[in-house]
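Read the structure below first, then the notes.
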């Protein structure tokens, strides 16, 4: 680490944040961090690598030149930034805050304007891929920032990302992420429905998988959903309730333009229904379970992995 290397803070050491922080400190950069309440046992390995655990967002901001947020969504981001003991309490001119969550563009814009009054840059850089790639330092990120700020933070992003996309000015990152997640959840929702249609009509859904796997409809998401046919509901490690939240943000985004979003609303309601059935804590493949419950068909094996 050189004398000019920025001090990095990470707020939210959970499934994704742990990998981000681990790769930052393992690659020689200064690290302070704040654990997520949902992961109270995380962080011992980060301390062993030289990271410093702090107790509030305010303390992390005071100790950092760049603060990376890895929390769930807009309410959590707003609380970390401007709540009690929030970043704003120790913010100073030149601080950069990078929000890696999937958030509402209107909230992102409001936070950016509030921080700008204090000389703080607020960057949206949401993530793609899974906790597996986070641990490997091979996440994807889509960044909304000015050219100058992007050049400043790109070396830090390279510590935990394999593919870095500067998709436009401030705000563009979160907009692209919502569109990306809409497409992803549309694929997952359509796949679950097609499996139910196969079983209901007397067709083996694995025959559908054979056909799709050999053609242009195939995708990694389809294959992750197809694992449910063998009882594996962990093929796509993304919580159903988070998917529901992201699609709610997407439909708010389209409505704000306004833009008709028939498919977005349909996908959102499919996710809402699945969560209302008590499946929200499970992974996205539980959309197949929701189809079983709604349609009265048995798609997955009785005993599941």
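Residue numbers (our numbering): 44 to 348.
Idealized CB from N, CA, C, for every residue including glycine.
Every value quoted in this text rests on a predicted model; they were computed, and no experiment measured them.
Output needed for residue i: all residues of its chain with C-beta closer than 8 Å, excluding positions within five of it in sequence on either side, in chain order.
i, result
"residue 105", "133"
"residue 317", "283, 287, 323, 329, 330, 332, 333"
"residue 228", "286, 289, 290, 310, 314, 327"
Where does residue i land, buried or exposed, given buried means 16+ other C-beta within 10 angstroms?
i, result
"residue 241", "buried"
"residue 288", "buried"
"residue 300", "exposed"
"residue 94", "buried"
"residue 267", "buried"
"residue 254", "exposed"
"residue 78", "buried"
"residue 246", "exposed"
"residue 169", "buried"
"residue 251", "buried"
"residue 298", "exposed"
"residue 205", "exposed"
"residue 155", "buried"
"residue 65", "buried"
Go ahead and pull the three-state DSSP assignment for residue i.
i, result
"residue 129", "coil"
"residue 171", "strand"
"residue 182", "strand"
"residue 62", "helix"
"residue 295", "helix"
"residue 209", "strand"
"residue 342", "coil"
"residue 348", "Bear in mind that the predicted position of residue 348 carries a pLDDT of just 47, short of 50, making it too unreliable to give a figure here."
"residue 77", "strand"
"residue 138", "coil"
"residue 52", "strand"
"residue 165", "strand"
"residue 112", "strand"
"residue 329", "helix"
"residue 246", "coil"
"residue 282", "strand"
"residue 96", "strand"
"residue 214", "coil"
"residue 187", "strand"
I'd like the list of long-range same chain contacts for residue i, defined as Cβ closer than 6 Å, with 5 residues on each side in sequence excluded.
i, result
"residue 281", "327"
"residue 321", "none"
"residue 218", "148"
"residue 99", "128"
"residue 261", "255"
"residue 348", "Per-residue confidence for residue 348 stands at a pLDDT of 47, beneath the threshold of 50, marking its modelled position as unreliable; the derived number appears in the next sentence. Answer for residue 348: 274, 275, listed in chain order."
If contacts are defined as beta-carbon pairs under 8 Å, then residue i and residue j qualify, I think. What distance do you get, rounded to the angstrom?
i, j, result
"residue 214", "residue 148", "6 Å"
"residue 340", "residue 243", "5 Å"
"residue 27", "residue 114", "Given that the chain is displayed from residue 44 to residue 348, the structure contains no residue 27 and the question cannot be resolved."
Taking Cβ to Cβ, would you say residue i is nearer than 7 Å to residue j?
i, j, result
"residue 1", "residue 59", "No answer is possible for residue 1: the residues shown for the chain start at 44 and end at 348."
"residue 54", "residue 103", "yes"
"residue 177", "residue 52", "no"
"residue 116", "residue 136", "no"
"residue 97", "residue 69", "no"
"residue 234", "residue 193", "no"
"residue 142", "residue 167", "yes"
"residue 342", "residue 225", "no"
Within the same chain, show all residues whose beta-carbon is closer than 7 Å to that of residue i, passing over the 5 residues directly before and after it, in chain order.
i, result
"residue 152", "214"
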